[in-house]
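Engineer: Attaching a single structure in structure tokens format; questions to follow.
In the working numbering, the protein residues as written are 1 to 154.
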């Protein structure tokens, strides 16, 4: 497979609005972070619901928190595809559950892995890491919200 050229990559800014259709969440603010390997989404109350013999399990969780304007209080259930050891932005090492989910960014729907993290203290509930970005997007850090045509240059 030939990697895409920069002309084939969609340009996005350092902050974008993203949709999670399965979870009924639209236009969530996401920080684009080329320094982060994996993507994260803010969630609370993660529970392992069912362990299977092959080591996979179903987990349930609530996305966002009551203080977030898009919080809907619904519990979601998904297959845990992995558990990862992650070093947070403050240097703390954490074990996080990982799910696969469709995310819409700048009109493109991409299936990718998200670790479930408590991002309450962070400015953005979603972090888009380089595994998602690679081969899909080119990041222009001088711009924001390029994908929804509300480009705000600084």
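The C-beta atom is built at its ideal place from N, Cα and C for all residues, glycine as well.
With contact counted as at least three CB pairs below 8 Å, one residue from each stretch, are the region 100-110 and the region 10-22 in contact?
Structural biologist: The region 100-110 vs the region 10-22: in contact.
Engineer: Considering residue 64, what are the terminal residues of the beta strand (DSSP E) in which it resides?
Structural biologist: Segment: none, residue 64 is in no beta strand (DSSP E) and carries neither H nor E.
Engineer: Give the DSSP-derived three-state secondary structure of residue 143 in the structure shown.
Structural biologist: Of the three classes helix, strand and coil, the one that applies to residue 143 here is coil, per DSSP.
Engineer: Return the bridge partner residues of residue 83 from the DSSP annotation.
Structural biologist: Partner(s): 97.
Engineer: Does DSSP put residue 9 in a helix, a strand or coil?
Structural biologist: Three-state result, residue 9: coil.
Engineer: Give the DSSP-derived three-state secondary structure of residue 119 in the structure shown.
Structural biologist: Residue state, collapsed to three classes: coil.
Engineer: For residue 115, tell me which candidate among 133, 143, 102 and 86 has the shortest Cα-Cα distance.
Structural biologist: Residue 86 is the option with its Cα nearest to residue 115.
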